[in-house]
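Asker: Mapping the sequence shown onto the working numbering, position 129 (from 1) lands on 122, and the numbers just tick up by one. Just passing along the structure, written as C-alpha cells.
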Amino acid sequence: MKNVENYLRSTRKAKGALLFVLIDSENNGTKSAAMLAKEAEKSGASVILVGGSSATDQLTMAETVKNIKSSVKIPLILFPGNVTGVVPGADAILFSSLLNSENPYFISQAQALGAPNVLRFGLEPLPTAYIIIGEGTTVWHVGSVRTIPFDKPNLAAMYALSAQFFGMRFVYLEAGSGAKSNVKPEMVAAVRKLFKGFLIVGGGIRDSKTAVEIVKAGADAIVIGTFIEKGGSFKTIADIVKTIQSIRK
Ligand code: 1GP
C-alpha cells in the first residue's frame, strides 16, 4: 500500500472508528499468524499490527511479516518494541517515541538506530507518541516507564498536547498487552479534547461494551491483541467492528 496514513484517515472518515489487530510474531497459539490475520481481515479489521515489547527475534518477525503480507490485503504496520522490530516487507511503521519513559533509549536513541533501516526498507513512518498508562505490564517494565495512573486523565492529555506541538500525527494510549484494566473513557476524552491527530487506544480491550465507550470518548482506532491470541472468537471481533463503525462523531 502506497500511503497508509491517507488510508487510515479516509477509512476513518468513511466507515467510522477502526479496529487494529495486533499479532505477536512470537505467539505460541495453535493458529499461525497468517491464519489469524486472515480471520481478522474477514471480521472487518482495518490494519494488522505486528510487534510487541518483548518480541525480539528479528528473523521470526521478518518471516511473520512475509507470511501475513501474502495472506491479507489490509495494510500491515510494524509496532516495534525495539530496533529489532524494524524488518522489511511491511507497509508502514508506528515510528514511536515512548514519551513517558525514564530511559532516553526508548524516547530517541532506539529511534535514531532504527531510522536508517526504516528508510532502507521503504517503510512509511507514522510519527507516533506512545504513552503508557498503568503499571505491571511488559511494556511498562521493558520501557522503564514513569507511568500515568489510570485516574489522572490530565497527565495523559498534557503528553498528547506536547506530542501535537512536536508535530506527531498519531497518539497511542497504551494500557499494555493483556492489561487487567483498559484506558478509561475519561482519559480518552481528555486527550481527544486537545489532540487533533489520529488517536489509537489499546490494552485490555476484550468486548464491544468497552470498545464502544472508548470510541465514543474519541478514539479513532482501538487495538486488540491478547483476546485473539488466547483464542477469542472472531464473531466477537466482527461484532466489535460493527458496533464501533456505527458510532458517528
Ligand atoms: C498491546 O494495545 C495492545 O500493545 C493490545 O493490547 O493485547 O491487551 O489486546 P491487548
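Each residue gets a CB set at the ideal place from its N, CA and C atoms; glycine is no exception. For clarity, every value in this text was computed on a predicted model and none was experimentally measured.
1) Beta carbon of residue 141: closer than 8 Å to some heavy atom of ligand 1?
2) Measuring CA to CA, which of 30, 45 and 99 is closest to residue 39?
3) Output the residues surrounding ligand 1, defined as those with a CB atom closer than 6 Å to any ligand heavy atom, in chain order.
4) Under DSSP, the beta strand (DSSP E) around residue 42 begins and ends at which residues?
5) Taking C-alpha atoms, which residue in 6, -3 and 139 lies nearest to residue 96?
6) Which same chain residues, not among the five before or five after residue 82, have their C-beta less than 6 Å away from its C-beta?
7) Just checking my contact of residue 71 with residue 79 at CB under 8 Å: how many whole Å lie between their CB atoms?
8) Alpha carbon to alpha carbon, what distance is there between residue 7 and residue 26?
9) Helix, strand or coil: how does DSSP classify residue 105 here?
10) For the alpha helix (DSSP H) that contains residue 184, what are its first and last residues?
11) Tell me, to the nearest whole angstrom, how far the beta carbon of residue 131 is from that of residue 169; I am working on the premise that it is less than 8 Å.
12) Bridge partners for residue 195 per DSSP, in chain order?
13) Taking C-alpha atoms, which residue in 239, 223, 187 and 174 lies nearest to residue 155?
14) Which residues does DSSP pair with residue 118 in a beta bridge?
15) With a threshold of 16 other CB atoms inside 10 Å of the CB of residue 239, please say whether the residue is buried or exposed.
16) Please determine if the region 96 to 105 and the region 45 to 59 are in contact, where contact requires at least 3 C-beta pairs separated by less than 8 Å.
Answerer: If we stick to the structure as given:
1) Your numbering for residue 141 matches position 148 in the sequence shown. No; taking the cut-off as 8 Å, the Cβ of residue 141 has no heavy atom of ligand 1 nearer than that.
2) Walking along the sequence shown from the start, residue 39 turns up at place 46. Taking only the C-alpha atoms, the option nearest residue 39 is 30.
3) 15, 167, 170, 171, 172, 195, 196, 197, 198, 216, 217, 218, 219 and 220
4) As a first step, residue 42 must be located in the sequence shown, where it is residue number 49. Per DSSP, residue 42 belongs to the beta strand (DSSP E) from 40 to 45.
5) For this step, residue 96 is matched to residue 103 along the sequence shown. Closest option to residue 96, Cα to Cα, is 139.
6) Reading the sequence shown from its first residue, position 89 is the one you call residue 82. Cβ neighbours of residue 82 beyond the five flanking positions: 58, 59 and 62.
7) Residue mapping note: residue 71 aligns to position 78 of the sequence shown, counting from 1. Residue mapping note: residue 79 aligns to position 86 of the sequence shown, counting from 1. At roughly 7 Å, the Cβ-Cβ gap stays under 8 Å, so residue 71 and residue 79 are in contact.
8) Locating residue 26 in the sequence shown gives position 33, where the first residue counts as 1. Locating residue 7 in the sequence shown gives position 14, where the first residue counts as 1. Rounded to the nearest angstrom, the two C-alpha atoms are 28 Å apart.
9) Working through the sequence shown from its first residue, we reach residue 105 at position 112. Here residue 105 sits in helix by DSSP.
10) Within the sequence shown, the letter at position 191 stands for residue 184. Taken as a continuous stretch (DSSP letters only), the alpha helix (DSSP H) holding residue 184 covers 178 to 187.
11) Taking the sequence shown and counting its residues from 1, one reaches residue 131 at position 138. Taking the sequence shown and counting its residues from 1, one reaches residue 169 at position 176. Correct: roughly 7 Å between the Cβ atoms.
12) Mapped onto the sequence shown, residue 195 falls at position 202. Its beta-bridge partners are 167 and 216.
13) If you number the sequence shown from 1, residue 155 lands on position 162. The residue with the shortest Cα to Cα distance from residue 155 is 187.
14) Along the sequence shown, read from residue 1 onward, the residue named residue 118 stands at position 125. Answer is 86, bridged to residue 118.
15) In the sequence shown, counting from the first residue as 1, residue 239 sits at position 246. Exposed, by the Cβ-count rule.
16) no
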